[in-house]
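Here the structure is laid out as structure tokens; the discussion comes afterwards.
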Amino acid sequence: MQTPPDHAYPTHWEADVVLRDGGTARIRPITPDDAERLVSFYEQVSDESKYYRFFAPYPRLSDRDVHRFTHHDYVDRVGLAATVGGEFIATVRYDRIDDRGRPARSREHDQAEVAFLVQDAHQGRGVASALLEHIAAVARERGIRRFAAEVLPANTKMIKVFTDAGYTQKRTFEDGVVRLEFDLEPTEQSMAVMRGREQRAEARSVQRLLAPAAIAVIGTGRAPGGLGRTALRNVLDAGFTGRVHAVNHAFPEDLRRLEPEGVPAVRSLREIPEPVDLAVIAVPAAGVPDVVRDCGEHGVPGVLVLSSGYAESGPEGRQRQRALLRQVRSYGMRLIGPNAFGLLNTAPEVRLNASLAPRMPGAGRIGLFTQSGAIGIALLSGLHERGPGDGGIAGISTFVSAGNRADVSGNDLLQFWYDDPHTDVAILYLESIGNPRKFARLARRTAAVKPVVVAKGARHHGAAPMGHAVPTVRVPDSTVAALMRQAGVIRVDTVTELIDAGLLLASQPLPAGPRVAILGNSESLALLAYDTCLTEGLRPQRPYVLPSDATPEDFRAALAEALAGDGWDAVIVTAIPWVGEEGTATPGGSEGNALAAALRAAVAADPGKPVTVVHLAMDDLAETLAAPPEPYAPHAPQEPATAAQSPAPDTSGRTPAEPPHGPAPGRASTPEARQAAAPEAPPDPRPVLIPAYPAAERAVRALAEAVRYAAWRRTAAEPGRVPEYDDIQEAAAGTDIERLLDRLTRDVAPGRSVALPPADAEALLARYGIPIRPALPAPDPDAAVRAAARLGYPVALKATAPHLRHRADLGGVRLDIAGEAELRRTYTELTDFLGSPEELWPVVQAMVPRGVDTVVRAAIDPSAGAVLSFGLAGAPSQLLGDMAHRLIPATDREVTEQIRSIRSAPLLFGWRGSQPVDTAALEELLLRVSRLVDDHPEVVAVDLEPVVVAPRGLAVLGASVRLARPPATTDLGPRRLPVY
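Residue numbers (our numbering): 707 to 1686.
Right, here's the structure in full:
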């Protein structure tokens, strides 16, 4: 057997992963330099684990074993190790075998034998499961399609690792050994298993940071003030329920307690006799590596680095930040920061304020993540103003401001909040998204159970802060925004809108639809709300206006009837200070408190619909509605008015108690009907909290976001499907792609894409049922005539040079040429006007039925993933950017919505009397393009333009395809932490 030449060390196989308990490990290929590490690792494995690995007592490795297990060709023989602190904690290897289970003599064999060994102290942490994901991805990359493993029946833990992985398996028992064989092609189940493990592990890692039992504040100053002493003071003032240690190498040797705080004071972490769960680091950047080393040696699972001087300070700082991340992960720790503002947890059993915020916010149901400390301050301050105190409308559950977010990011918080019972709404302020594809996946999963509200700063190219060392995302912000909407994310533009939407979503049920009832004691304010509802796409009723002297009981009765009626999905209450007997406004505190109690009483009796309040000059009303309520005691009912006491009618001929714009919303005609319409809802243990806004526009926008999100939730509950088409030739297309890549990429740098020649592009698209109308080259008039004779008249003559392609406005496209004489004349006019044939690249193409010109594109961005785009050709897409985007693979429901979501969509559906076009054929084309890119990651770009959609059918007149070797790792690969 000839030994194949060794491949270069595959650096792209290196990865940091989060394990089941929230700690991290580094997975990397084993090299010959690991001989001593391997021997040391093996010595720490129990005899039982060695027996399970080798099926016999095997107390030590021979020199031959060590050589075999550390020397690999990275193709037929591969070994990976999981390391913590630079030392092995587990290994896995595969050897390619033939059909008889012997070492393969040819790489045509696609099966390998796989074996694991995990140090006993690290068993149960999910190390083997993580290694299996990575060794399977490596094997697929090297052409191996199936693993075989032999396991002793008593080794139930390892059998469970294989059987729980979700791959298609075959299991046999022979000669006292369990033999498992499984295909490595990812399945829906294996992907779900991997995603589930990823979510649980990353959520656990965040939970350990947010709920530590013991904290060390490292860099605590000896005198009051300074970063470290401030952080310590904030931890203590919040009432942290765990243990706190102050650490400073400059403390006097005889100092035992730091006063006046009264906490233990030590010069080094080594002096702390107990485990430390979170280290808050507030030392200069130059001293952080020594501190991190001490944390790693002490077994600290997480560090919060408040120190600055990293990527935000320039290239040198960026290198310092990368070194910090490598060091932190080498010890299996998670990192918040550097240059972080801190973290908060308001749970009564924790009460943690490990941040620079001087005030502990109230406890509530909102989770916050920011990358900016300044925005974090603004959010905390804004929420405090809207509802201070525990149990109020603006209370938070957890808060993380990650600064440069070298490690822990918004993705990690989404994993944590997904099943956190204390968080009902996730609010994120992001200035950069390192992995939009993963963010969209996690946001979609979280948004299916609770709202995710995002404001994106630095939306324009090159505007990201220096501290955010993230990969370049080539797709524009509009595309990222579209992908967020597809994932159910509520995208807003400002911090104020973040708070407005968050308060409504955290305190109100989701609306069942867009119908809105408006009631209140100000016609002008009600009309403002009415107009804004129409602008936001809601369906408001004509406002029901109470008299200017309406009492709180009047408000309660009107709101109760609106909530009981079945004609409305949400209610907006408008309120201004009511007018006293002398005709003066009385905005005193008692009126606001009484009105708040009345509104709460109505909502408590019928809590099924969202209610929001718009007020002017009634801050006391907003404050009372935001705070935990007191029981409502209605005023004594007034005596019926006598004829002498009846209010005089206004100029319209109605009394003030009569609605000026229609009947009360949802009002039943009789008391019996109203009683029958009122459902008996079970009591809600949570307090009745109602968001109040000082402007109608803010209230309506927040409500509109809730309506759109609720509609998305209903749609997501019944997802579409990816259709199967019998005429798609997936295997043949894969063979074509491999042949084309071999032919076209010989002299192309790795990672670069190549454009397919037109004939090859047309053939590949045809494999997926996408025919392209032929365009024949016409380098001279005679060639044009021959082409037209072949295609049949009438024809089109087009200039296809890059500067004229798809530019009919420049005269480069001539249509409906009926005969040879007209074609020769047109050819002469075209070349005389625009240039020589060598400059124009003219082609002749048969005419197709008239219709609407559209463009269909698919492209793969390294971080955003595969994106399917659609728009109308020409000015709508090129000038106005009117394009709709969806993630690939797209479902039938998604492409239907995609076509209808562009602003120019009416042109497809019979605008101004034109004939509607065949959108069903257009939907099928989009789905076929989506399938092509999803089935073959080598297809990195498809551009179909123009696609002429006629009343019956469509025609693709131009197409281009680009291919590239697929990236080594994607979001579809094994789980791994990002490295920026």
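Think of the CB as a built atom: it goes at the ideal place given N, C-alpha and C, for glycine as much as any other residue.
- Among the bridge pairs identified by DSSP, Q875 is matched with F888.
- Contact between L1574 and T1560 fails: their C-beta atoms lie close to 13 Å from each other, not under 8 Å.
- Taken atom to atom, the span from the alpha-carbon of H1090 to that of I1133 is near 15 Å.
- Counting only residues of its own chain and dropping the five nearest sequence neighbours on each side, A1422 has a CB closer than 7 Å to the CB of A1154 and G1194.
- Residue pairing by DSSP places E819 opposite D801 and A854 in a beta bridge.
- Unbroken beta strand (DSSP E) runs of no fewer than 3 residues, entirely contained in the region 922-993, are found at 949-953, 969-972 and 984-987, following chain order.
- Looking at the DSSP output, E880 shares a beta bridge with V883.
- Excluding its 5 nearest sequence neighbours in each direction, V1009 has C-beta neighbours in its own chain below 7 Å: A985, I987, V998, C1001, V1034, M1039 and L1041, listed in chain order.
- For R1496, the number of other beta carbons within 10 angstroms of its own is below 16, and it is reported as exposed.
- Where I1594 is concerned, there is no enclosing beta strand (DSSP E), because DSSP gives it neither an H nor an E.
- By the neighbour-count criterion, in which a residue is buried when 16 or more other Cβ atoms sit within 10 angstroms of its Cβ, T874 is exposed.
- Counting C-beta pairs with one atom in each stretch, the region 734-746 and the region 832-840 have fewer than three that are closer than 8 Å, which means they do not touch.
- Note: T789 is bridge-paired with R732 and F794 in the DSSP secondary-structure output.
- Inclusion of G1043 and A1112 in the CB contact set at 9 Å is warranted, their separation being smaller than that value.
- Short of 8 Å from the beta carbon of G1498, and not among the five residues preceding or following it, lie these beta carbons of its own chain, in chain order: A1552.
- Just so you know, the alpha carbons of N954 and L1058 end up roughly 21 Å apart.
- With a cut-off of 8 Å on Cβ pairs, the region 1266-1278 is in contact with the region 1294-1311, counting three or more such pairs.
- Residue environment for H713: exposed (fewer than 16 other C-beta atoms within 10 angstroms of its C-beta).
- If you draw a straight line from the Cα of E880 to the Cα of A741, it is about 34 Å long.
- Annotation for Y1135: the continuous beta strand (DSSP E) segment containing it runs V1131 to L1136.
- The count of Cβ pairs closer than 8 Å, one atom from the region 1316-1335 and one from the region 1400-1408, reaches three, so the stretches are in contact.
- Nearest to L1049 by C-alpha distance, out of I1083, R1071 and R1024, is I1083.
- For L725 and P1680, the gap between their C-alpha atoms comes out near 13 Å.
- In this structure, P1543 and P1485 form a Cβ contact; the two beta carbons are roughly 5 Å apart against a cut-off of 8 Å.
- For P1485, there is no enclosing alpha helix (DSSP H), since its DSSP letter is neither H nor E.
- According to DSSP, residue pairing for L1041 in a beta bridge involves V1009.
- With contacts defined by Cβ atoms closer than 9 Å, I1396 and L1331 form a contacting pair.
- Within its own chain, the residues whose Cβ lies closer than 6 Å to the Cβ of Y1135, once the five positions on either side in sequence are excluded, are T1076, I1081 and A1161, listed in chain order.
- Here G1619 is exposed, its C-beta having fewer than 16 other C-beta atoms within 10 Å.
- Minimum Cα-Cα distance from F747 among the listed residues R766, S1459, A762 and A1565 corresponds to R766.
- When the five nearest sequence neighbours on each side are left out, the beta carbons in the same chain lying within less than 6 Å of the beta carbon of R848 are those of V781, in order along the chain.
- Q1551 sits in a strand when the DSSP states are folded into three classes.
- Within the same chain, Cβ atoms closer than 8 Å to the Cβ of V1201 are found at I1081, A1084, L1085, G1088, Y1135 and A1161, the five residues on either side in sequence being excluded.
- The region 849-859 makes contact with the region 884-897; the number of CB pairs closer than 8 Å reaches 3 or more.
- Taking each of L1062, D870, T893 and Y800 in turn and checking the Cα distance to A854, the smallest one comes out for Y800.
- Runs of the alpha helix (DSSP H) lying entirely within the region 1062-1134, each at least 4 residues long, are 1079-1092 and 1116-1124 in chain order.
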